[in-house]
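Please read the structure below before turning to the comments.
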Amino acid sequence: MKALPVEPTGSSIKIGSRLRVARQGQRLTIDQVAEMAGLTKGFLSRVERDLTSPSVATLLTLCEVLSIEVGELFTVPETKLVKLEAAPRISLGGEGIIEQLLTPRTERRVQLIRAEIAPHGAGEAELYSMDCQVEVLHVHSGHFTLILSEERMELQAGDTVTFPGREPHSWINPSPEPAVVTWTLVL
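Heads up: the sequence shown runs through residues 19 to 205, numbered per this note's numbering.
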């Protein structure tokens with residue numbers, strides 16, 4: 019059987035930044051890692067900036083020092099794009115609100131919800147909570163009132179508030195103008 023000739027693409031895999039992130043994540047200096055791996059600081063610096071490629075043996079040593087699997091350096095991160103016009107509509111309750119899920123439905127770490135609230139639109143009459151760790155509310159335009167069990171927060175464009183996800187709350191757009199907000203739910 020004849021082998022199919024494969025021409026190289028000319029694109030190289032950039033592992034240097036991933037090595038740097040692993041090193042920094044462990045709060046190690048470039049000097050410390052170079053010493054533990056038996057390398058010079060200058061060589062390791064060039065590797066981290068993708069100016070030179072380490073040998074397989076050196077790469078294995080670096081991965082051992084950094085306690086990472088070699089395969090992690092070559093894994094392509096999963097990236098998913100959700101365009102606003104294609105974002106699915108959802109309904110978490112309330113009146114005068116159009117909500118869209120801006121993160122993929124399969125995302126299990128965080129959800130980003132964009133909401134357009136009509137003038138005087140309002141959330142549930144009774145306070146409710148979300149099943150998440152943290153909620154972040156950002157007001158893009160208009161005015162927005164966040165109602166918590168102990169206080170009311172009057173927000174305007176540019177304001178952001180963070181609170182525990184299980185904190186009972188509701189909301190209202192108190193103005194005669196529409197408002198646009200995003201809710202970020204950390205699951």
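Built from N, CA and C at the ideal position, the CB exists for glycine as well.
DSSP-derived helix/strand/coil call for residue i
i: residue 135; result: strand
i: residue 107; result: strand
i: residue 99; result: coil
i: residue 89; result: helix
i: residue 170; result: strand
Short Cβ contact (8 Å threshold) for residue i with residue j
i: residue 161; j: residue 109; result: no
i: residue 41; j: residue 84; result: yes
i: residue 157; j: residue 202; result: no
i: residue 77; j: residue 88; result: yes
i: residue 34; j: residue 67; result: yes
i: residue 86; j: residue 63; result: no
i: residue 132; j: residue 200; result: yes
i: residue 105; j: residue 120; result: yes
Contact set for residue i: own chain, Cβ-Cβ below 7 Å, skip 5 residues either direction
i: residue 32; result: 68
Contacts around residue i, its chain only, beta-carbon distance under 6 Å, and the 5 residues preceding and following it disregarded
i: residue 159; result: 175, 198
i: residue 178; result: 156
i: residue 141; result: 112, 188, 189
Integer-rounded CB distance, given that residue j should sit under 8 Å from residue i
i: residue 169; j: residue 163; result: That pair is no contact at about 11 Å.
Own chain, CB closer than 8 Å to residue i, minus 5 neighbours either side, in chain order
i: residue 151; result: 182, 183, 204, 205
Hey, is the region 123-130 in contact with the region 177-196, meaning 3+ C-beta pairs nearer than 8 Å? no
How about the region 111-123 and the region 134-153: do they share at least three Cβ pairs that are nearer than 8 Å? yes
Given 8 Å, three or more beta-carbon pairs between the region 71-85 and the region 98-105: no
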